[in-house]
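Quick note: the sequence shown, position 141, residue 150 per the numbering used here, numbers continuous. Glycine residues also receive a C-beta, built at the ideal position from the N, C-alpha and C atoms. Computed from a predicted structure; not experimentally measured.
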Amino acid sequence: MTTPAAGSPHGAAPAPAPAPTGPPPEAGRSGTYGVLVVPAVLGLFLVLAFAGLMIPGLRSPAPTDMPLGLAGPGPTVQQVEAQLAAAAPDAFEVKRYADEAEARTALREQDVLGAIVIGPSPKQPPGLLIASAAGDAPTTAATTAYEQLTKQLGTPQQVDDVAPLPENDTRGVSAVLLCVALTIGALIFQLVLSLAAAHVGAAKRWLSCFCYAVVAGAAGALFAGPVTGTLDGHFLELLGIATLLSLTVVGIVAACQALLGALGIAVGALLVLPLGLASSGGVVDPHFQPAFYGAVSEYLPTGSAVSLLRRVLYFDGNAVGGPLLTLLLWAAGAWLVTLVSERIRPFQPLMVIVPASAVGPAAARTA
Numbered sequence: 010m011t012t013p014a015a016g017s018p019h020g021a022a023p024a025p026a027p028a029p030t031g032p033p034p035e036a037g038r039s040g041t042y043g044v045l046v047v048p049a050v051l052g053l054f055l056v057l058a059f060a061g062l063m064i065p066g067l068r069s070p071a072p073t074d075m076p077l078g079l080a081g082p083g084p085t086v087q088q089v090e091a092q093l094a095a096a097a098p099d100a101f102e103v104k105r106y107a108d109e110a111e112a113r114t115a116l117r118e119q120d121v122l123g124a125i126v127i128g129p130s131p132k133q134p135p136g137l138l139i140a141s142a143a144g145d146a147p148t149t150a151a152t153t154a155y156e157q158l159t160k161q162l163g164t165p166q167q168v169d170d171v172a173p174l175p176e177n178d179t180r181g182v183s184a185v186l187l188c189v190a191l192t193i194g195a196l197i198f199q200l201v202l203s204l205a206a207a208h209v210g211a212a213k214r215w216l217s218c219f220c221y222a223v224v225a226g227a228a229g230a231l232f233a234g235p236v237t238g239t240l241d242g243h244f245l246e247l248l249g250i251a252t253l254l255s256l257t258v259v260g261i262v263a264a265c266q267a268l269l270g271a272l273g274i275a276v277g278a279l280l281v282l283p284l285g286l287a288s289s290g291g292v293v294d295p296h297f298q299p300a301f302y303g304a305v306s307e308y309l310p311t312g313s314a315v316s317l318l319r320r321v322l323y324f325d326g327n328a329v330g331g332p333l334l335t336l337l338l339w340a341a342g343a344w345l346v347t348l349v350s351e352r353i354r355p356f357q358p359l360m361v362i363v364p365a366s367a368v369g370p371a372a373a374r375t376a
């Protein structure tokens, strides 16, 4: 005969209490604080980054060592160079050329941003070669220096625009706007991918990145080219550059995230947006900014993409090797870091996004 359990009115042993299945309240509150604080910190970081990098770099453009060509007889060139140095110290880095043909070639290859041509005869008025496609600031600076010279000499002005802007892009900003659109799109794509790709394998994630780069590049090239006619006539070049830039930006953000976690997204965004845009030369030429911006401009992907687009569109593809190589190195380096990091430490999404139907009633009430 079985003895009833003590304290049991019916003689049956009490059922054990169910073990708690959810996290303790403290853990839930901690997770909630993290979800609320991290976006605020990242957003504030980007606000400060944009303000801190773009405002100082763009607020008061003034030429510093802007490359300016001087072509003509030696003694006359020396005299003009001395006049330029006296009128605007440190504004120009003068490069001498034997004749107008050499100066014109240097301008088309972007070795200089303007050139003053002095004829062999003292009676022949000096001429000015500009490339308005290189930007408003260099054109204005070269024109101002030339106007002061002709005013002193009392000669008429002869200006030749070697690389004019097309009628559909009279301000020359379409290239940089296309780069900004592609950069923001790639940044958002990688951010959403890091949030949503919880159970997606590495191969599928990488394939989606490459597919996105091609689709985004095609969309940007179509809209900037055939659809609006703004950057028309170079569709294949536009497609290649836009695809390469998208792939590079996605790779940079992915690499930064692989190395730094959630903070890496902010670091990647800082690199390709505020710093990249401010130093790109698309808004203000780097020779008109503080020295830091000029030093990093040609080594960052955004500046390289802007230079590459301008040289393809407006300068007949001259001197594209430097910016193209820079962009390729960024893309290769970023994806190499991403692939190696995946082997060492597999991808971890910032959070897992699941449909509401997958959440049980109890979990929904807890949320």
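Assigned exposure category for Y308 - 16 Cβ within 10 Å defines buried: exposed
Unbroken beta strand (DSSP E) run spanning F297, endpoints: Per DSSP, F297 belongs to no beta strand (DSSP E) and is neither H nor E.
Within the stretch 86–160, ranges of the alpha helix (DSSP H) (whole runs, at least 4 residues): 109–117
DSSP-derived helix/strand/coil call for P165: coil
Strand pairing of M75, partner residues [DSSP]: F101
Check whether Q157 and A233 have beta carbons under 8 Å apart: For the pair Q157 and A233, the CB atoms are not nearer than the 8 Å cut-off.
Whether L248 touches G226 by CB criterion (8 Å): yes
Beta-carbon gap between G330 and V315 smaller than 8 Å: no
Endpoints, the alpha helix (DSSP H) within which V262 is located: For V262, the enclosing alpha helix (DSSP H) starts and ends at F244 to L269.
Distance between Y106 and L79 (C-alpha atoms, nearest Å): Between L79 and Y106, the C-alpha separation is close to 6 Å.
Sequence ranges, alpha helix (DSSP H) only - wholly within the stretch 165–243, length at least 4: You should have 183–205 and 211–231.
Alpha-carbon to alpha-carbon, F297 and L111: Per the sequence shown, the amino acid found at residue 111 is Glu instead of Leu. Their backbone Cα atoms lie some 25 Å apart in a straight line.
Three-state secondary structure (DSSP) of A80: strand
I125 vs S203 beta-carbon contact at 8 Å: no
Distance, R117 Cα to G81 Cα: C-alpha of G81 to C-alpha of R117: approximately 18 Å in a straight line.
Secondary structure of F324, DSSP reduced to three states: coil
Simplified DSSP assignment, three categories, for R374: Reliability of the predicted coordinates at R374 is poor, the pLDDT of 47 falling under 50, and the value obtained from them is presented with this limitation in mind. Looking at R374 - three-state DSSP - the assignment turns out to be helix.
Residue from P175, P135 and A230 with nearest C-alpha to Q167: P135
Three-state secondary structure assigned by DSSP to R354: R354: coil per DSSP, three-state reduction.
G52, DSSP secondary structure in three states: helix
Terminal residues of the alpha helix (DSSP H) in which G290 lies: No alpha helix (DSSP H) contains G290, which DSSP labels as neither H nor E.
Alpha carbon of K132 to alpha carbon of L138, nearest angstrom: Straight through space, the alpha carbons of L138 and K132 are spaced by roughly 19 Å.
Supposed close pair P310, L345 - CB separation, criterion 8 Å: Contact doesn't hold; Cβ gap of about 15 Å is too wide.
L216 classed as buried or exposed, judged by whether at least 16 other C-beta atoms fall within 10 angstroms: exposed
Environment of G181 [buried if 16+ CB atoms lie within 10 Å]: Under this definition G181 is a buried residue.
CB of S306 within 8 Å of CB of G66, strictly: no
Coil, strand or helix - S316 by DSSP: helix
P48: CB within 7 Å of a non-hydrogen atom of the ligand MG: In terms of ligand content, the structure shown is empty, and the ligand MG therefore cannot be addressed.
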